[in-house]
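Residues are numbered in the numbering used here as their position in the sequence shown, beginning at 1, plus a constant of 118. Ideal Cβ placement from N, Cα and C applies to all residues, glycine included. One structure is given below, encoded as C-alpha cells.
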Amino acid sequence: MSNEDQSEFEYNDLDEETLFVVSQTFKALGDPTRVRILHLLFENEYSVNQIAETLSLRQSTVSHQLRFLKNLRLVKYRREGTTLYYSHDDEHVMNVLEQTIKHALHS
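And the structure:
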C-alpha cells in the first residue's frame, strides 16, 4: 500500500471478517493467561507441559488457551513424537504485545 493509498484509507473500508479478526486478536491480548503464554513464547518454543509448569497453570488451561491462540494464528506448533511444541506465529502481534509490555513497565 503506497503512502497515498494509506492516507486515503478509511475505517469504513474494513470488512466484517477483518473487524472480527482484529477484535478477536485484542480479545486474545486482553486475557492475562494468554498474555503470559505469548510472553513466554517470545524467544523459545515450549510443550504444553513445559508451559504449564513454567507458568504454574493446569495443563487443561494451557491447552484451552493455546487452542484459542492457534485458531487466531497467533501460535503454531510442531510435532516431535507425541509431543507438540508451540511457538509464536505472528510477528506483528508479538511486536504489539512487546511494545505494550514496555509501555506498562515504563515509568
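By alpha-carbon distance to Ser181, the top candidate from Leu190, Thr143 and Ala170 is Ala170. Per DSSP, Glu198 lies in no alpha helix (DSSP H) segment; the continuous beta strand (DSSP E) that holds it begins and ends at Val193 to Glu198.
Distance from the CA atom of Asn167 to the CA atom of Phe186, rounded to whole angstroms, is 17 Å.
Residue environment analysis places Arg191 among the exposed positions, since fewer than 16 neighbouring C-beta atoms fall within 10 angstroms of its C-beta. The stretch 193–205 makes no contact with the stretch 131–138; the number of CB pairs closer than 8 Å stays below 3. Contact between Leu159 and Val193 holds: their C-beta atoms lie close to 6 Å from each other, under 8 Å.
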